[in-house]
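Adding 26 to a residue's 1-based position in the sequence shown gives its number in our numbering. No residue lacks a Cβ here, since even glycine has one placed at the ideal position from N, Cα and C.
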Amino acid sequence: MKKRVLAGFLAACMVMSLAACGSSDSASEETNETTESTSDEGGKSDGAVKTVTEGKLTVATSPDFAPYEFYAIDEDGNPTLAGFDMDLAQYIADYMGLELEIITVDFDGVLSELQTKSVDLGMAGLSPDPARESIMDFTDIYYMGGQSLVTVKDNADTYNSFDAINNPDVTVGAQTGSIQLDLANENTPDADIVSLPKVTDIISELLSGKMDAAYIETVVAQSYQKNYPDLEIVMEVPYDVEGSAIGVCKDNPELLAAVNEAIKAATEDGSLDQYIADATDLAAGETYEGLLDDSGNVQ
Ligand code: ARG
Numbered sequence: 027m028k029k030r031v032l033a034g035f036l037a038a039c040m041v042m043s044l045a046a047c048g049s050s051d052s053a054s055e056e057t058n059e060t061t062e063s064t065s066d067e068g069g070k071s072d073g074a075v076k077t078v079t080e081g082k083l084t085v086a087t088s089p090d091f092a093p094y095e096f097y098a099i100d101e102d103g104n105p106t107l108a109g110f111d112m113d114l115a116q117y118i119a120d121y122m123g124l125e126l127e128i129i130t131v132d133f134d135g136v137l138s139e140l141q142t143k144s145v146d147l148g149m150a151g152l153s154p155d156p157a158r159e160s161i162m163d164f165t166d167i168y169y170m171g172g173q174s175l176v177t178v179k180d181n182a183d184t185y186n187s188f189d190a191i192n193n194p195d196v197t198v199g200a201q202t203g204s205i206q207l208d209l210a211n212e213n214t215p216d217a218d219i220v221s222l223p224k225v226t227d228i229i230s231e232l233l234s235g236k237m238d239a240a241y242i243e244t245v246v247a248q249s250y251q252k253n254y255p256d257l258e259i260v261m262e263v264p265y266d267v268e269g270s271a272i273g274v275c276k277d278n279p280e281l282l283a284a285v286n287e288a289i290k291a292a293t294e295d296g297s298l299d300q301y302i303a304d305a306t307d308l309a310a311g312e313t314y315e316g317l318l319d320d321s322g323n324v325q
């Protein structure tokens, strides 16, 4: 009698677990359906996309890279995070129905935040370098830019080619962790290559004469050139991975798809062009070139 009860109980358990299995299958089908219907309705996430913090889109950036991301000085004299990556981040968060949280770190920190899956996205004028594919996924390209060799006006006739700077007596800068550092090592391996955590540090070392030349993204060099006209772009540097993409925390295809959808919408409705134009104007005004502490104060 006792045995039969137990057997009956086990049989019931099996049925229940099979049912659980079945229901989890149908649940995942439902999720797929939600994602599909989501795209038709214009991208509201409805909880279908998982993010590191529920209800939030957490984005890492490195605000030393105008006009992508930088601190503009607002009317009250306070540095505020600006740039077309930041506007696009807000657009994507709104599109997905999520609250935006931005985390500011140096550029190599953006890479490690993505690698450790501490953030959902890295938006930092990131080049979709295949060497990074083991630590992040990339969205479609949202901006096309090139690379340049930069120096100051007085040295523009001296440091104007790879040959001219490929010499241990010439100090050549690039940002830590960036593809510009790879370009420095590939094109001018004999130079005294110095990597610094911030592009803004590189700019000030160029201006103070501590650094002779630097590899910088063209649109960024042009932006800082407006505030520091002593900077001179001497040549374009060929690089085969063109354009910028958003880095997405690996193995989250739903998030990747949703962000691609939002990028497409921002491109098609003209928002992205507007953000680029606004950021370009804003970066030509007063900016702050350091990081802020957690309370948003100048460090
Ligand atoms: N495009 C370059 C790279 O991906 C540099 C990006 C630097 N971004 C920044 N916000 N400082 O390596």
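Where V131 is concerned, there is no enclosing alpha helix (DSSP H), because DSSP gives it neither an H nor an E.
A Cβ-Cβ contact shorter than 9 angstroms links Y117 with A291. Shown here, Y314 sits in a strand according to DSSP, grouped into three states. When rounded, the separation of the alpha-carbon atoms in M149 and T87 is 5 angstroms. Taken from the Cβ of E95, at least one heavy atom of the ligand ARG lies inside 8 angstroms. The beta carbons of V78 and V145 sit about 6 angstroms from each other, so the pair counts as a contact at 8 angstroms. Between the alpha carbons of D256 and V178 lies a gap of roughly 5 angstroms. Here the alpha carbons of K252 and F110 stand approximately 17 angstroms from one another.
Pairwise C-beta distances place the stretch 195-211 in contact with the stretch 263-283, as three or more of them are shorter than 8 angstroms. Excluding the 5 residues flanking it on each side, S204 has same chain C-beta neighbours closer than 7 angstroms at F133, in chain order. Boundaries of the alpha helix (DSSP H) harbouring K252: 244-253, taken from the DSSP string. Taken in chain order, the whole beta strand (DSSP E) runs of length 3 or more contained in the stretch 174-225 are 197-201, 218-222. Counting along the chain, M261 sits inside no alpha helix (DSSP H); it lies in the beta strand (DSSP E) bounded by residues 257-263. With contacts defined as CB atoms closer than 9 angstroms, F91 and E231 fail to qualify as a contacting pair.
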